[in-house]
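For the sequence shown, this note's numbering assigns the number 2 to the initial residue and increments by one for each residue that follows.
All C-beta atoms in this analysis are idealised placements derived from N, C-alpha and C, irrespective of residue type, glycine included.
Nothing here was measured: the structure is a model prediction, and the numbers come from that model.
One structure is given below, encoded as structure tokens.
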Amino acid sequence: MNATLPADTVWDSPYSMPTQIFVWLVVVVLSLETILGNAMVIMAYKIERNISKQVSNRYIVSLAISDLIIGIEGFPLFTIYFLNGDRWPLGSITCETWLFLDYTLCLVSILTVLLITADRYLSVCHTAKYLKWQSPTKTQVMIILSWLIPAVVFGIMIYGWKAMTGEADSMRGYECSAPFLANPYVNMGMYVSYYWTTLVAMLILYKGIHQAAKNLEDKAKAKERRHIALILSQRLGTQVGVSLMLQQDKEREKKMELVRTSKFS
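Next comes the structure, spelled out in structure tokens:
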């Protein structure tokens, strides 16, 4: 690992000062929005008992924590790197720490979204089994794994890459990038495994949720139609009953009229 920075990694932005100020303003706004929004989610979980009682909401809190950290460190450090003309001015240790946090937190967010989707799928499509299986302990274990697996994977891939392969580490001259990006096979394998596989899995789960929701909607409509038919049949029966009563009254009146006529005659 490079112990010192090359001379050309000092701050020397190719962008004008107005451009730098504008970019920083946008980044500060986005960072604050991300930080405040996710902090409010965490506070709502802590304060509102109705929210914290729902075990599945722990996944949302986990997602909020990962996104909160990205808002704190990810946006500002990438902006420094970008505005300095893709040259890293903060040293090799900071470079590796930033890369480790950035890749780890992004994968944590992806896995957490997958867990949320799977949780919704099970609650909708397999409600009875889901209620029997779900517990705070099992949910917490899933959350811990969603953080531990990315941390182990990218800890090895970033901090241990040079020891495993003998190739260059994260700081190559003035560039700060993940060392495994230079290996097309590893890069493609990781890209497919944690991005496309997760995406396909979520699409399948969402398809199941959509189908289950459609089935519930069809059942609700069928129940509504049966209810309307029952009401109409009751109304029709009432109308028929009233008609029969009126008909009987008319026949009774005719008989009485005939009796009165026969008496006078």
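{"Query": "Inter-residue spacing [alpha-carbon to alpha-carbon] between ILE117 and TRP197", "Result": "17 Å"}
{"Query": "Cut-off 7 Å between Cβ atoms - residues of its own chain near ALA4, not counting five sequence neighbours on either side", "Result": "Here ALA4 scores only 36 on pLDDT, less than 50, and its place in the model is too uncertain to base an answer on."}
{"Query": "Where the alpha helix (DSSP H) through ASP68 begins and ends", "Result": "58 to 70"}
{"Query": "Pairwise C-alpha distance: SER17 and ASP120", "Result": "49 Å"}
{"Query": "Cβ separation of TRP25 and THR80, assumed to be a contact under 8 Å, to the nearest whole Å", "Result": "7 Å"}
{"Query": "The region 29 to 41 in contact with the region 60 to 72 per 3-pair CB rule at 8 Å", "Result": "yes"}
{"Query": "As assigned by DSSP and simplified to three states, the class of GLU49", "Result": "coil"}
{"Query": "Candidates GLU49, VAL62, LEU84 and TYR60: closest to PRO19 by CA position", "Result": "LEU84"}
{"Query": "Exposure of ALA188, with buried meaning 16 or more beta-carbon neighbours within 10 Å", "Result": "Checking the sequence shown, residue 188 turns out to be Asn, not Ala. ASN188 comes out exposed."}
{"Query": "Residue burial classification, ASP13 (beta-carbon count within 10 angstroms, cutoff 16)", "Result": "exposed"}
{"Query": "Residue range of the unbroken alpha helix (DSSP H) whose run includes ILE81", "Result": "76 to 84"}
{"Query": "Inter-residue spacing [alpha-carbon to alpha-carbon] between PHE271 and LYS163", "Result": "Residue 271 is absent from the model: the chain starts at 2 and stops at 266."}
{"Query": "Rounded separation between LEU149 and VAL30 - CA only", "Result": "31 Å"}
{"Query": "Local Cβ density within 10 Å of LEU146, reported as buried at 16 or more and exposed below that", "Result": "exposed"}
{"Query": "DSSP beta-bridge partners of ILE218", "Result": "Correcting the residue type first, residue 218 is Glu in the shown sequence and not Ile. Paired residues: none, contrary to the question."}
{"Query": "Selected residue, minimal CA-CA separation from THR140, among ASN184, TYR192, GLY86 and SER57", "Result": "SER57"}
{"Query": "Nearest-angstrom Cα separation, counted from VAL28 out to ILE22", "Result": "10 Å"}
{"Query": "Straight-line gap, TYR82 to ILE48 (C-alpha atoms, nearest Å)", "Result": "38 Å"}
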